[in-house]
Amino acid sequence: MKKLINFVLAVGLAFSLSGCQKANNSSNSENKHYVVSQEAEIKALKKYHPYVWTVYWGKNDNLISLYQNSGNLSGIGDFAAYYTSSGKIFLPSQAEALVSQAKASTSLKCPVYLTVVNDTTKEPKSQGLLEKLLKDTSSQTKAAKAIVSLAKKNGFSGVEMDYENLGQASSLWQKFLAFEKILYSLCQKDKLKLRVLLEPKVPKLAFPAGPTYVVMCYNLYGYSTKAGPKADYAFLDQMAKKFAYLKPDYALADGGFAFGKNVTPLTPSQIQKKGSRDAKSGALHYQKGDKTVWYADSQTLKLWANRLQKNSNYSIKVSLWRLE
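Residue 1 is where the sequence shown starts when you use the working numbering, and the numbers rise one by one after that.
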């Protein structure tokens, strides 16, 4: 792993980039051999200042992909810090390695955010964990301080909260809003930016001013549904209308699902053929044996972003879930 990381860093330093400005097309033939991951998808969103997520279980060439796409990126989400069963936050070693190498680079200067989820080692999207972390002002402050401490320790530019499955109960949401205010205050003190991700089903609330809000516009169809696209135009119209008061960024997802007896997620590289484009969503679909595959390509992402922009009275920004 160490040899791989050193190699990746060497690749990154070979690029004559300045900050997150457009990369210079080097004539160095050596560059031709490096993998460019999801370049078409990222370029399709260029006018919307794309932000991308990397995941700790992803491919080892994620950092190379970031270097080669850095000219079109506004930020990176390092996914993700999560919790032990006892409620202690930690960052997987793969995620630690990514932010460490990004910091060391003289070319990749996009801000890198620490994404924090309410998964535990035993349960994803744990509501029980949130009840514990957000119980009262004391526990909220303790949880916020632990997040900021982890972000500072690893040199992140900001924090990104991805607490999900809060349900519709007003009491838990009010605790979250109180926690968010504490976290934002601590982030401000330590010059950290704060992004807060919101699920489509989040109730309309008086969210605190200051953080950047990001609405997840995907998984309209997925694991527990009939076959269909991750988003369609009607869904996007609904999201733009519902969250207009926040003037949020929007998150879109590439890849798709194979629907059959079981539902299987597919990354862009696992899509095996070109499908037919659906008029109601802009997504593509095709049949493979007893499975129906629905997925989003670069054109789909562009159509979705354009639809959201059409229904917004400000210049939106788009985040992309995710690099493979």
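Backbone N, C-alpha and C fix where the C-beta goes; we use that ideal spot for every residue, glycine too.
Runs of the alpha helix (DSSP H) spanning 4 or more residues and lying entirely within the stretch 137-179 occur at 137-153, in chain order. Selection Thr137, Ala234, Tyr113 evaluated against Thr212 yields Tyr113 as nearest (Cα-Cα). According to the DSSP assignment, Arg195 belongs to the beta strand (DSSP E) that extends over 193-198. The beta-carbon separation of Tyr82 and Val117, rounded to 5 angstroms, stays under the 8 angstroms limit for a contact.
By the 16-neighbour rule on beta-carbons within 10 angstroms, Gly155 is exposed. By the Cβ rule, the stretch 133-146 does not count as touching the stretch 94-113, because fewer than three pairs are nearer than 8 angstroms. In the structure shown, Pro124 adopts coil according to DSSP, grouped into three states. The C-beta distance from Thr121 to Ser85 rounds to 6 angstroms, short enough to meet the 8 angstroms contact threshold. Distance from the CA atom of Ser319 to the CA atom of Gln287, rounded to whole angstroms, is 29 angstroms. Unbroken alpha helix (DSSP H) runs of no fewer than 4 residues, entirely contained in the stretch 198-281, are found at 233-242, following chain order. 8 angstroms or more divides the Cβ of Leu303 from the Cβ of Leu45. Beta-bridge partners assigned by DSSP to Gly75: Tyr51. Per DSSP, Lys302 has no beta bridge partner at all. If you look at Leu98, you'll find it in the alpha helix (DSSP H) that goes 93-104.
With 16 or more other CB atoms across the displayed protein chains lying within 10 angstroms of its CB, Thr54 is buried. For Gln287, the enclosing beta strand (DSSP E) starts and ends at 284-288. Contact between Asp237 and Gln38 is absent: CB atoms are separated by about 26 angstroms, not below the 8 angstroms threshold. Distance between Phe176 and Asp232, taken at the CA atoms: about 30 angstroms.
Leu308 has its alpha-carbon roughly 29 angstroms from the corresponding atom of Ala169. Of the residues assessed, Gly128 falls on the exposed side of the cut-off, its CB having fewer than 16 other CB atoms within 10 angstroms. Two segments are said to touch when three or more pairs of C-beta atoms, one from each, lie closer than 8 angstroms; by this definition the stretch 171-185 does not touch the stretch 221-229.
Beyond the five residues adjoining it in sequence on each side, Thr267 comes within less than 6 angstroms, by CB distance, of Gly255, Glu324 in the same chain, given in chain order.
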